[in-house]
Every structure is written in C-alpha cells, then in structure tokens.
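Reviewing the structure listed below.
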Amino acid sequence: MKIGSLDRISIYRMATVMTALAALTILSIIVITPFVPAILLAVIFALSAWPAYSWLEKKLKGRRGLAAGLMTLILALCFILPLMFLASSLADNFAWISNNILNLVQNPPQQPPAWLATLPHVGPHIIEKWGAYVQDTDALTSLLVKQTAPATRGVAGVAGTFGRGAIDLSLGVLIAFFLFRNGVEAAERLSILIGKFLGPRGQHLLKVSKSTMIGVVYGMMGTAVAQGTLSAIGFMIAGVPAPIFLGFVTFILSFLPLGAPLIWVPATIWLFAEGHTGMGIFMGLWGLLAVSSIDNIIRPYFISLGSNLPLLVTLLGVFGGIIAFGFIGLFIGPTLLAVAYTLIIEWSYTEKNPTPANKAGEAPPSASLGS
Numbered sequence: 024m025k026i027g028s029l030d031r032i033s034i035y036r037m038a039t040v041m042t043a044l045a046a047l048t049i050l051s052i053i054v055i056t057p058f059v060p061a062i063l064l065a066v067i068f069a070l071s072a073w074p075a076y077s078w079l080e081k082k083l084k085g086r087r088g089l090a091a092g093l094m095t096l097i098l099a100l101c102f103i104l105p106l107m108f109l110a111s112s113l114a115d116n117f118a119w120i121s122n123n124i125l126n127l128v129q130n131p132p133q134q135p136p137a138w139l140a141t142l143p144h145v146g147p148h149i150i151e152k153w154g155a156y157v158q159d160t161d162a163l164t165s166l167l168v169k170q171t172a173p174a175t176r177g178v179a180g181v182a183g184t185f186g187r188g189a190i191d192l193s194l195g196v197l198i199a200f201f202l203f204r205n206g207v208e209a210a211e212r213l214s215i216l217i218g219k220f221l222g223p224r225g226q227h228l229l230k231v232s233k234s235t236m237i238g239v240v241y242g243m244m245g246t247a248v249a250q251g252t253l254s255a256i257g258f259m260i261a262g263v264p265a266p267i268f269l270g271f272v273t274f275i276l277s278f279l280p281l282g283a284p285l286i287w288v289p290a291t292i293w294l295f296a297e298g299h300t301g302m303g304i305f306m307g308l309w310g311l312l313a314v315s316s317i318d319n320i321i322r323p324y325f326i327s328l329g330s331n332l333p334l335l336v337t338l339l340g341v342f343g344g345i346i347a348f349g350f351i352g353l354f355i356g357p358t359l360l361a362v363a364y365t366l367i368i369e370w371s372y373t374e375k376n377p378t379p380a381n382k383a384g385e386a387p388p389s390a391s392l393g394s
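Residue numbering for the sequence shown follows this note's numbering, beginning at 24 and increasing consecutively.
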C-alpha cells in the first residue's frame, strides 16, 4: 500500500513538472513569436557576413565584442540608413504631390496642367470636366477626395508594412550583434543537437543549409546592388528626375522577380512623352541590356554556389515571404524555401541512393537541382 502511494506521488510529481514545462514552453513561444522575423533575419545576416566578421576579428586580435560591434554598425549603415533615406524621400515626394494638389484646388487654372493627364484613373476624368470644376472648387475638392481615397488607403497600408519592416530590420541587426559575438558557441550547440536528432548525416544537411542560405542572400543582394547602381547611372545620363531616389527604389524592387522594369519602363515612357526620343531609346536599351540582363548573370552565379533553384521556388519565397513577414520577407521567404527545397532534394537523394558512404555517415555528391 505504501509502495502504491509512493508511485502515485511520483506520477503526480511528474505530471506537475510536465505541465509546468508545457506551460513554460507555450508561454515562451508566445513571447518569442513577435520576434521570429527579426531572429530569422539576424541569422541570415550573421551567416552571410560571417567571413567578413572572421576577417575583422583576426585584424582586431580576437576581440569578439569589438568586431561584432563594428559588423553591426556596418549592417546598420548598409540596411537601416538606406531605409531611412527611402522613408525621407517618400515623405518629401508625398509632400510635393500634396502641395501640388492643394494649389490646384485653391487656384485652379483655366486650362488643366499637362502633368494632370499622366495621373492614372483620376487625370482623364478631371480633364474631361475641367471647366465645371474651375467654377466650383468644392466639387473639385470632393472629386479629388473621392478618387484618391483608395490610393490613400493603399499608402496607409504600405506605410504600415514599411514601418513593421523597419522595426524588424532594426531588431535583426541588433540580434545579429549577439550572434556574431557568440556565434561559435551557438554553432557548436546546434551541431550537437542536429547530430543527436539526425545522426552523422545531419552534419552534412547543416552544411547544405548554410551554403544554400549564403548563396541565395548573396545572389539577391548582388543583383539588387548591381541593378540599382546601373539604373541610377542610366537615369542620370537620360536626364530623368531624382535619379538617385529612383535607383534606390530599383534596388528595393530588384528583390522581386522582374522588379527592376517597374521603374525603368515608366521612366522610358516618360522620356518619350516629354519628347526626348533619343534618350527614351537609350533608356529602353539600357534597361533591357544592362539593368535587366545583369540579373541573369549575378543571381544564378551566387545561388548556384548553394543550389540551383527553380523559378517557382523563388517566386513563392518572395511573395509568400512578403505576405507572412512583410517587407523583410523579401529576404526571409526565398531563403527559407531555398533551404527547405535543398534539404528535401538532398534527403530524397540519400533515400534513392543508399551508397556505402552514406551508410557510414559520409555525404554523397550534391544532387543536381535543375530548374
């Protein structure tokens, strides 16, 4: 009877401990969930910039904290500072548009301004009824408010997504500092855990994940920098207004498949519309042969360092990442899907080709991942 009581006490104690651990785990997940995008971004930053950090640490004679601080500062200059510049430029351009609309409403000219015709949806309708609106400014104000309401909601939504992305990006850069400083120990612990769950094969899968992640990030960043720079140069030569700003927007949109043409094609059309035929031809050829073509050189080269990804995986990663994580999903989405896709291919290769080397825990040759 006494033994039975002890067994029941042990069971109750174990149940209490397990319940407490489960509750602690659930609460921890709830606490950490808002920071998952920032943590994933920090991991991507740390892995991609690790060679530079290692070089910097050697130059600083092993002072990890200082090297991590400098790398974090470099990341902030590369990502947060341009984001602030973009936000400032967007605010200035939005203020310019608002002032033009306000002046138009308060002092409407007898003839509509030429730029009004370029406004999508709103412009042609306003020009058609310009005479009546000149005599009745209240009607003009009402029309503008009604027609621009969807655009205003869209701008508010973009601003919200942009703000969330800026916060996650800042947190990601901050978390990257700790990953740089304590990355060696964290990698060792992760390697031990992977080994316990997956055995010797897990070490190879970990290396594949790392190389894939680095290849994808380098490919995306290299392409974006090249397309943004080439676009800005083309805009300067062609005389397009705000070439630096448009080049930076091209840099951002280059993370999207076929994102760069969203800037240089309208710029080309604008040049033709303004009567600059020669520069319009130049801008079109420059955008097609220089800006867009560089994507076919840089991105495949870097991504092939880790794996050769199908276009569908990249598309789903980009757009799914944006939906799930907002602006920073441009980085996180393609990287996560690329790693998952590569691991599935590697794993299926192992199952189909159980060579003696695999049985001994050695990695097989990498499978060819055709697109």
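Backbone N, C-alpha and C fix where the C-beta goes; we use that ideal spot for every residue, glycine too.
Per-residue DSSP class, three states only, for residue i
i      : result
Ser391 : With a pLDDT of only 37 at Ser391, under 50, the local geometry of the prediction cannot be trusted, and no value is derived from it.
His299 : coil
Phe268 : helix
Phe201 : helix
Pro333 : coil
Lys81  : helix
Leu228 : helix
Arg87  : helix
Phe278 : coil
Val40  : helix
Ser51  : helix
Ser315 : coil
Ala283 : coil
Gly146 : helix
Val263 : coil
Lys382 : The pLDDT assigned to Lys382 is 45, lower than 50, so where the model puts this residue is not dependable, and the model offers no usable value.
Gly238 : helix
Gly257 : helix
Gly222 : coil
Proximity below 8 Å, CB of residue i to CB of residue j
i      : j      : result
Ser214 : Thr246 : no
Gly282 : Leu294 : no
Ile286 : Ser254 : yes
Pro105 : Phe271 : yes
Arg87  : Arg212 : no
Gln250 : Phe268 : no
Ile260 : Leu192 : no
Ala199 : Thr300 : no
Ile67  : Val240 : yes
Leu228 : Leu366 : yes
Gly262 : Val288 : no
Pro284 : Ser316 : no
Leu83  : Leu89  : yes
Ala313 : Gly257 : yes
Proximal residues to residue i (C-beta, below 7 Å), its chain only, five neighbours per side dropped
i      : result
Ile70  : The sequence shown places Leu at residue 70, rather than the Ile named in the question. So the qualifying residues of the chain are Lys233, Met236 and Ile237.
Gly307 : Thr291
Val54  : none
Sequence-distant residues of its chain with Cβ nearer than 6 Å to residue i (five each side left out)
i      : result
Ile345 : Gly352
Gly340 : Gly356, Pro357 and Leu360
Asp318 : Thr246
Tyr364 : Val336
Ala380 : Note that Ala380 scores a pLDDT of 42, beneath 50, so its modelled location is shaky; the value from the coordinates is reported in the next line. Same-chain partners within the cutoff: there are none.
Leu194 : Ala61
Glu385 : Reliability of the predicted coordinates at Glu385 is poor, the pLDDT of 43 falling under 50, and the value obtained from them is presented with this limitation in mind. Excluding sequence neighbours, Glu385 sits near nothing in its chain.
Thr42  : none
Cβ neighbours of residue i in the same chain (closer than 8 Å, five flanking residues each side left out)
i      : result
Ile34  : none
Ala209 : Leu202
Leu79  : Ala90, Leu93 and Met94
Checklist line | the region 342-362 / the region 52-71 touching (three or more Cβ pairs under 8 Å) | finding: Proximity of the region 342-362 to the region 52-71 meets the contact definition, three or more beta-carbon pairs being nearer than 8 Å.
Margin query: Quick check: the region 36-54 against the region 219-231, are at least 3 beta-carbon pairs closer than 8 Å?
Written below: no
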